[in-house]
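Residue numbers (the working numbering): 11 to 440.
The block underneath contains the structure these notes are about, expressed in structure tokens.
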Amino acid sequence: MTRKPHVLVLGGNFAGLATAQRIREYAGDAARITLIDRRDYLLYNPNIPVDIFENRDPELHERMPLRPVLHEEDINFIQGEVRELDVDSQTVSFIPNERPGGESEKEHYDYLVIAVGARLAYDRIEGFAEHGHTLSDFYHGNRLRKYLHEGGYKGGPIAIGSARFHQGDGAEGLEPYPGGSIPVAEAACEGPPLEATMAMASWLKEHNKGTPDRITVFTPAEVIAEDAGLGNVKQFLELAGGMGIRYRNKTIDVKRITAEGIEFKNGPSLEAELKIVLPDWVAHDFLRDLPISDSEGFVKTDLFMRNPDYRNVFAAGDCAAVTVPKIGGIGHQEADIVARQVAMDLGSLDANEADDPLKPIVFCIGDMGEGKAFYIRSNTWFGGNDEVLKVGRIPFQLKMRYRDLFFLTHGKVPDWGLGLAQFTAEKLFD
Ligand SMILES: Cc1cc2nc3c(=O)[nH]c(=O)nc-3n(C[C@H](O)[C@H](O)[C@H](O)COP(=O)(O)OP(=O)(O)OC[C@H]3O[C@@H](n4cnc5c(N)ncnc54)[C@H](O)[C@@H]3O)c2cc1C
11 MTRKPHVLVL
21 GGNFAGLATA
31 QRIREYAGDA
41 ARITLIDRRD
51 YLLYNPNIPV
61 DIFENRDPEL
71 HERMPLRPVL
81 HEEDINFIQG
91 EVRELDVDSQ
101 TVSFIPNERP
111 GGESEKEHYD
121 YLVIAVGARL
131 AYDRIEGFAE
141 HGHTLSDFYH
151 GNRLRKYLHE
161 GGYKGGPIAI
171 GSARFHQGDG
181 AEGLEPYPGG
191 SIPVAEAACE
201 GPPLEATMAM
211 ASWLKEHNKG
221 TPDRITVFTP
231 AEVIAEDAGL
241 GNVKQFLELA
251 GGMGIRYRNK
261 TIDVKRITAE
271 GIEFKNGPSL
281 EAELKIVLPD
291 WVAHDFLRDL
301 PISDSEGFVK
311 TDLFMRNPDY
321 RNVFAAGDCA
331 AVTVPKIGGI
341 GHQEADIVAR
351 QVAMDLGSLD
361 ANEADDPLKP
371 IVFCIGDMGE
381 GKAFYIRSNT
391 WFGGNDEVLK
401 VGRIPFQLKM
411 RYRDLFFLTH
421 GKVPDWGLGL
431 AQFTAEKLFD
């Protein structure tokens, strides 16, 4: 018997899980697949904000166990902390981490998919621990939920926004659409601050805590959420401004969070009782200074998600240099591309089925409270010409039902699910 090629996937959240499942789908049993993650569950963070505002514990709602889901697809799972990667000897070192004190182990691969996301660097924001809030994970989500719903918030001003993102040079020169590029972002992911701003305005009203003019949304960039398309952003800011929400741009970076508010790199501070901040998204330490990494430690790939120098190394999701902004929707597109490329290398797909390069599309559905949401689809930032914004009850239903479908199908949301969501939001609803 010949040994089957070993595909090793690092990371099992949105990008890693989808890639492993799709490799199995496209390549059948042509490969042995192993996935390593430090956690044995998927963290469905896009719905943490809505849980916070609706006072549900996200820990009980937004977690999908990985082991049974991977077992269904005959994918081996290792719960471990990846520590080192040697692309010349094709080995990954990890520590089994179910109990502290694990020894260092190694796995050899024939194909490697890096999908370890990014490190959300709250530890780089002075004063965050004492005075900051956020909504990116269970711990912080529950801290904010309790602060809001258990009497912590006293009705003062609210600041919501991002620290500066430091993008590397790994996507320079790529042209996803004719004449376009992967632009340089100054914030990693501004959907969550926009969503939190709108949902907070509704929450204040519902709880008789004040009017939307308490809230200031800020961005380090010239324009907030530029990736959503300038026309969409303009409409969005008109909507928010009409509600009384304040807007501050070009803050450059968060310098410090204090009890009184937020100090910015570019000068004037913002007074705030509640400070909700999304940090810099930084690459994991073990990826820095590798021959496959860019100047900030993100993994360099072409638009087929393949490293230009190490052709058996792929990346998908937030850890890839081309993933700008850092959103799961783009990671999902990339997962499919990687799976097709690996299946092609394994002889299971031919080039015309596999060679479909990345054309990033920003898809974002953000809760606005009161049963409403905004829906954004755009590719103009990358050189495309599609830009759609819808606001109302149907996008909210889509956001909630997409999550249900994700859990029901164990992450294998059929493409018709996304197509149907787009059709419903854009054609049936105005
Ligand atoms: C509040 C919030 C709301 C969002 N809402 C949306 C949304 O509505 N739509 C959207 O498209 N995007 C949204 N995003 C962005 C989205 O969450 C990310 O883009 C997405 O999670 C990236 O997926 P990923 O698999 O690349 O990385 P991650 O989700 O970060 O997963 C990385 C995985 O790798 C594992 N890992 C990391 N390092 C190691 C290591 N050393 N060893 C072992 N395992 C490791 C982690 O445990 C994790 O499971 C939101 C983000 C936030 C914070």
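Ideal Cβ positions, reconstructed from N, Cα and C, are used throughout, including at glycine.
V292: CB within 6 Å of a non-hydrogen atom of ligand 1: Numbered from its first residue, the sequence shown carries residue 292 at position 282. Result no, Cβ not under 6 Å from ligand 1.
Whole alpha helix (DSSP H) elements within the segment 144 to 211, 4-residue minimum: 148 to 159
Terminal residues of the beta strand (DSSP E) in which D377 lies: Working through the sequence shown from its first residue, we reach residue 377 at position 367. Where D377 is concerned, the enclosing beta strand (DSSP E) stretches over 372 to 379.
Nearest candidate by alpha-carbon position, reference L76, set A250, V60, I255, L52: Taking the first residue of the sequence shown as 1, we reach residue 76 at position 66. The option with the nearest alpha carbon to L76 is L52.
C-beta neighbour in chain C for N55, strict 7 Å: This model lacks chain C altogether, as it is built from one protein chain only.
Euclidean distance between Cα positions of I198 and F175: Taking the first residue of the sequence shown as position 1, residue 198 is located at position 188. Taking the first residue of the sequence shown as position 1, residue 175 is located at position 165. According to the sequence provided, residue 198 is Ala. The question's Ile does not apply to it. Distance between the alpha carbons of A198 and F175: 5 Å.
Y132 - partner residues in DSSP beta bridges: Looking up residue 132 in the sequence shown gives position 122. Looking at the DSSP assignment, Y132 forms no beta bridge with any residue, so it has no partner.
Proximal residues to H159 (C-beta, below 6 Å), its chain only, five neighbours per side dropped: Residue 159 sits at position 149 when you count from the first residue of the sequence shown. Closer than 6 Å at the Cβ level, and outside the excluded window around H159, lie N65.
Residues near Y54 in its chain [Cβ-Cβ closer than 6 Å; skip 5 each side]: By one-based count along the sequence shown, residue 54 stands at place 44. Closer than 6 Å at Cβ, skipping near neighbours: E72.
L145 Cβ short of 6 Å to ligand 1 heavy atom set: The count along the sequence shown starts at 1 and reaches residue 145 at position 135. Flag set: Cβ of L145 near ligand 1.
heavy atom of ligand 1 below 6 Å from A197 C-beta: Residue mapping note: residue 197 aligns to position 187 of the sequence shown, counting from 1. Flag unset: Cβ of A197 not near ligand 1.
Cβ shell of G239 (< 7 Å), same chain only, five flanking positions each side left out: Position 229 of the sequence shown, counting from 1, holds the residue named residue 239. Only S388, T390, W391, E397 meet the Cβ criterion.
Element boundaries [beta strand (DSSP E), containing M74]: Here residue 74 is taken as the residue at index 64 of the sequence shown, counted from 1. Taken as a continuous stretch (DSSP letters only), the beta strand (DSSP E) holding M74 covers 73 to 75.
Span separating the alpha-carbon of F308 from that of N242: Here residue 308 refers to the residue found at position 298 of the sequence shown. Here residue 242 refers to the residue found at position 232 of the sequence shown. One C-alpha to the other measures close to 29 Å.
Ligand 1 heavy atom lying under 6 Å from the CB of A125: Mapped onto the sequence shown, residue 125 falls at position 115. Result yes, Cβ under 6 Å from ligand 1.
Near ligand 1: I337 beta-carbon under 6 Å from a heavy atom: Here residue 337 refers to the residue found at position 327 of the sequence shown. Placement of the Cβ of I337 at a distance of less than 6 Å from at least one heavy atom of ligand 1 is found.
Bridge partners - G90, DSSP secondary structure assignment: By 1-based counting over the sequence shown, the position of residue 90 is 80. Per DSSP, P106.
3-residue-minimum beta strand (DSSP E) runs that sit fully inside the segment 248 to 330, ordered along the chain: Taken in chain order, the unbroken stretches of beta strand (DSSP E) that lie wholly in the segment 248 to 330 and span 3 residues or more are 256 to 258, 264 to 267, 271 to 274, 277 to 281, 284 to 288, 323 to 325.
N23 burial status per 10 Å Cβ neighbour count (16 or more: buried): On the sequence shown, residue 23 is found 13 positions in, with the first residue counted as 1. In this structure N23 is buried. Its beta-carbon is surrounded by 16 or more other beta-carbon atoms within 10 angstroms.
Which of helix, strand or coil DSSP assigns to R13: Locating residue 13 in the sequence shown gives position 3, counting from the first residue. Correct three-state label for R13: coil.
Beta-carbon proximity check, I43 vs A30, cutoff 7 Å: In the sequence shown, residue 43 corresponds to position 33, counting from 1. In the sequence shown, residue 30 corresponds to position 20, counting from 1. Yes, these two residues count as a Cβ contact at 7 Å.
For I41, three-class secondary structure by DSSP: Within the sequence shown, residue 41 is the residue found at index 31, counting from 1. First, the amino acid is wrong: residue 41 is Ala here, not Ile. A41: coil per DSSP, three-state reduction.
Opening and closing residue of the alpha helix (DSSP H) in which E344 lies: Reading the sequence shown from its first residue, position 334 is the one you call residue 344. Its alpha helix (DSSP H) spans residues 338 to 355.
Selection from G161, V97, A435, A364 that minimises the alpha carbon distance to A349: Taking the sequence shown and counting its residues from 1, the one referred to as residue 349 is at position 339. Comparing Cα-Cα distances from A349 to each of G161, V97, A435, A364, the minimum goes to A364.
For G271 and G251, the rounded distance between their alpha carbons: The count along the sequence shown starts at 1 and reaches residue 251 at position 241. The count along the sequence shown starts at 1 and reaches residue 271 at position 261. As the crow flies, the alpha-carbon of G251 is around 21 Å from that of G271.
Straight-line Cα distance separating A269 from L428: Translated into the one-based positions of the sequence shown, residue 428 becomes position 418. Translated into the one-based positions of the sequence shown, residue 269 becomes position 259. Taking the straight line from one Cα to the other gives about 43 Å.
Near ligand 1: F324 beta-carbon under 6 Å from a heavy atom: Residue numbering aside, residue 324 sits at position 314 when the sequence shown is read from its first letter. No, Cβ of F324 sits at least 6 Å from all heavy atoms of ligand 1.
Cβ-heavy atom distance, F63 to ligand 1, below 6 Å: Position 53 of the sequence shown, counting from 1, holds the residue named residue 63. No, Cβ of F63 sits at least 6 Å from all heavy atoms of ligand 1.
Own chain partners of Y320 with C-beta closer than 6 Å, once the 5 adjacent residues on each side are dropped: Looking up residue 320 in the sequence shown gives position 310. Cβ neighbours of Y320 beyond the five flanking positions: V97, I302.
Whole-angstrom distance between E273 and L280, CA atom to CA atom: Against the sequence shown, residue 280 aligns to sequence position 270. Against the sequence shown, residue 273 aligns to sequence position 263. Taking the straight line joining both Cα atoms gives about 7 Å.
Exposure of A282, with buried meaning 16 or more beta-carbon neighbours within 10 Å: Counting from 1 along the sequence shown, the entry for residue 282 is found at position 272. Its Cβ being crowded by 16 or more others within 10 Å, A282 is buried.
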